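A.B. asks: Structure below; questions to follow.
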Amino acid sequence: MKFGKVFYGALIAVLVLTCIIGAVSAAPTTSVEISRIAADGTTVLANQTVTFAWMKENLPITGDGVTHYGHQGPVFEGDPWDPQEIINTDNAGALRGTAVLDLAELVGGIPENSTVKIIARDGFSRSFSSRYIISPESRMGPLVLVWEVNGVNVSAAAGGGDASEGMRIYFFADDGVFGNYDMLQTMPESDRYNFSSAYPSTRGLSVQYVDRIKIYTDEPGTTLLSLNLSNGWNFISVPRVLNAENAAAERLFSGVETESRAILGYNAEKNEWETVGPAQIIKPLEAYWIYSAGPVSIPLTYAVYPPPPSKKTLYPGWNAVGLAAYANVPAENALAGISWKTLIPWDLETGRYDAAIIHGGSGPYSPERGMVLGTGYWIYLDSESIFTELP
């Protein structure tokens with residue numbers, strides 16, 4: 000690993016505060032990785048990658064190649080739910096594909112009370128509750144990974160045609176349109192999509208360029224054994240005190256090609272970025288920015304005889320933190336006794352920020368959402384507090 004000068008601080012600040020995401024590649028996606036994840040949020044219990052051609056040959060095909068399907072965009076005048084499905088509906092064409100439920104069977108199926116996360120190549124994602132994926136109402140229909148539109152499959156996208164956007168998910172409703180009112184009747188509020196946070200729109204559920212499906216279960220797994228970095232900047236933390244032989248930055252990150260970009264920490268007391276030196280100890284409760292030239296897994300070796308629980312002083316304003324615990328914990332529990340207002344998670348899987356967790360929030364912003372081991376968080380406080388490692 001190469002340690003270099005501090006990457007332009009102003010640029011990093013912009014990246015953090017505005018969540019700039021890279022441009023989407025126009026190349027179609029022709030394969031998908033399906034993973035079944037344990038309750039710790041990281042342990043992969045089963046994994047399978049298949050191409051659309053293999054799906055077409057080996058799994059049931061959903062869609063007859065004649066029936067057209069579509070979703071509905073936002074309705075700005077009148078009833079935004081539009082029960083008659085007559086405003087701003089789309090016709091995506093004659094669709095064929097493979098039901099997500101059938102793909103899930105390749106890794107053991109979708110358990111009850113689990114969450115299915117559909118992820119695009121660029122990191123964009125949507126999450127769906129298992130209940131209606133397993134047993135959808137007819138007005139919703141099955142959730143389908145579409146690989147053919149109007150007779151054109153994704154492999155033909157280089158020559159143009161209706162499938163040029165690569166594989167994409169749609170709900171195959173019985174009347175051909177999964178409308179906003181259908182979403183109201185079949186989905187919990189936390190799963191629905193609202194354009195500009197105000198106008199319901201099922202169109203916002205239709206993830207394109209799909210290349211990953213992750214099934215998050217409540218099945219037991221193991222504690223976090225490695226940090227999996229993706230290409231680009233990663234916001235990370237370590238859950239517990241590391242073994243002394245591996246705790247220094249130059250040892251822990253020896254397998255990461257940083258392309259001479261510095262590893263960065265944030266000093267909330269001084270309100271400034273700090274460069275992490277080669278001999279600096281990587282500690283729990285802290286969060287660090289590190290650049291990786293490609294995907295890499297960093298093994299974690301914890302201290303055999305850990306010291307007393309770690310503590311970190313948090314200051315008014317924004318602080319960079321990580322969860323120090325043996326398992327993922329709801330934010331409201333991990334941050335009990337702290338005068339926090341907002342928590343912004345970094346999703347290591349997608350390489351982008353996830354929706355904020357708000358103290359006193361509800362739905363997708365609820366503090367009942369878990370803090371995840373290994374990732375970094377921005378937390379905003381009104382007054383100084385002490386953040387402590389959980390037993």
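In numbering that gives the first Met the number 0, the protein residues as written are 0 to 390.
Positions of the beta carbon are idealized from the N, C-alpha and C atoms, including for glycine.
It should be emphasised that the depicted structure is a prediction, and the values quoted were computed from it without experimental measurement.
#1: Counting only the same chain and skipping the five closest in sequence on each side, list residues whose C-beta sits under 7 Å from that of Ser-384.
#2: Just the C-alpha distance for Gly-160 and Trp-53, rounded to the nearest angstrom, thanks.
#3: Tell me the start and end of each unbroken alpha helix (DSSP H) in the segment 83 to 136 that is at least 4 residues and wholly inside, in chain order.
#4: Arg-167 bridges to which residues according to DSSP?
#5: Could you tell me the alpha carbon to alpha carbon distance between Leu-372 and Thr-274, rounded to whole angstroms?
#6: Which residues does DSSP pair with Gln-47 in a beta bridge?
#7: Between Ala-267 and Thr-374, what straight-line distance do the alpha-carbon atoms span, to the nearest angstrom?
#8: Does the distance from the CB of Ala-93 to the CB of Thr-50 come in under 9 Å?
#9: Closer than 8 Å by C-beta to Asn-327: which residues in its own chain qualify, once you throw out the five before and the five after it? Chain order, please.
#10: Please return the same chain residues whose Cβ sits closer than 8 Å to the Cβ of Gly-107, not counting the five positions on each side in sequence.
#11: Could you say which of Pro-366, Ala-324 and Pro-363 lies nearest to Glu-388 if we only look at CA atoms?
#12: Nearest to Asn-270 by alpha carbon, out of Gly-175, Glu-76, Asn-318 and Val-206?
#13: Looking at the secondary structure, which residues open and close the beta strand (DSSP E) in which Tyr-180 lies?
#14: Quick one: measure Cβ to Cβ for Gly-140 and Ala-103, integer angstroms, because I've assumed they're closer than 8 Å.
#15: State buried or exposed for Gly-276, treating a residue as buried only when at least 16 other CB atoms are found within 10 Å of its CB.
#16: DSSP state of Thr-42, grouped into three classes?
#17: From this set, Thr-349, Gly-62 and Glu-249, which residue's C-alpha is nearest Ile-297's C-alpha?
#18: DSSP three-state call for Leu-284: helix, strand or coil?
#19: Tell me the DSSP secondary structure of Leu-251 in three-state form.
#20: In whole angstroms, give me the CA-to-CA distance for Val-206 and Arg-167.
#21: Evaluate contact between the segment 142 to 152 and the segment 245 to 265, counting only Cβ atoms and requiring at least three cross-stretch pairs below 8 Å.
#22: Do Pro-238 and Tyr-342 come within 9 Å of each other at the CB atom, strictly closer than that value?
#23: Which class does Met-54 belong to by DSSP, given the choice of helix, strand or coil?
#24: Taking Gly-72 as the reference, give the member of Pro-344, Val-151, Arg-202 and Thr-114 with the closest Cα.
C.D. replies: Taking the coordinates as given:
#1: If we look at Ser-384 and ignore the five residues flanking it on each side, its Cβ neighbours are Leu-313, Ile-337 and Ser-338.
#2: The predicted position of Gly-160 is uncertain, since its pLDDT is 47 and thus under 50; a value taken from the coordinates is nonetheless stated next. Between Gly-160 and Trp-53, the C-alpha separation is close to 21 Å.
#3: Complete alpha helix (DSSP H) runs here, min 4: 99 to 103 and 129 to 133.
#4: Val-145 and Gln-207.
#5: Taking the straight line joining both Cα atoms gives about 23 Å.
#6: Answer is Ile-33, bridged to Gln-47.
#7: Ala-267 and Thr-374 have their alpha carbons spaced roughly 18 Å apart.
#8: It is not a contact, given that the beta carbons lie outside the stated cut-off.
#9: Around Asn-327: Ala-38, Asp-39, Gly-40, Gly-369, Met-370, Val-371 and Leu-372.
#10: Contacts found: Arg-35, Leu-44 and Ala-45.
#11: With distances taken between Cα atoms, Glu-388 lies closest to Ala-324.
#12: The shortest Cα separation from Asn-270 among Gly-175, Glu-76, Asn-318 and Val-206 belongs to Asn-318.
#13: From DSSP, Tyr-180 is part of no beta strand (DSSP E) but of the alpha helix (DSSP H) over 179 to 185.
#14: In fact, because the Cβ distance is near 16 Å, the residues do not count as touching under 8 Å.
#15: By the Cβ-count criterion, Gly-276 is exposed, with fewer than 16 other Cβ atoms from all chains shown falling within 10 Å of its own Cβ.
#16: In this structure, Thr-42 counts as coil in the three-state DSSP scheme.
#17: Selected option, being the one with the closest Cα: Glu-249.
#18: Looking at Leu-284 - three-state DSSP - the assignment turns out to be coil, as it is neither helix nor strand.
#19: Looking at Leu-251 - three-state DSSP - the assignment turns out to be helix.
#20: Answer to the nearest angstrom: the Cα atoms are 6 Å apart.
#21: No, the segment 142 to 152 is not in contact with the segment 245 to 265.
#22: Residue 342 is actually Leu in this sequence, not Tyr. Note that the C-beta distance between Leu-342 and Pro-238 is not below 9 Å.
#23: Helix.
#24: Between Gly-72 and the set Pro-344, Val-151, Arg-202 and Thr-114, the nearest pair of CA atoms involves Arg-202.
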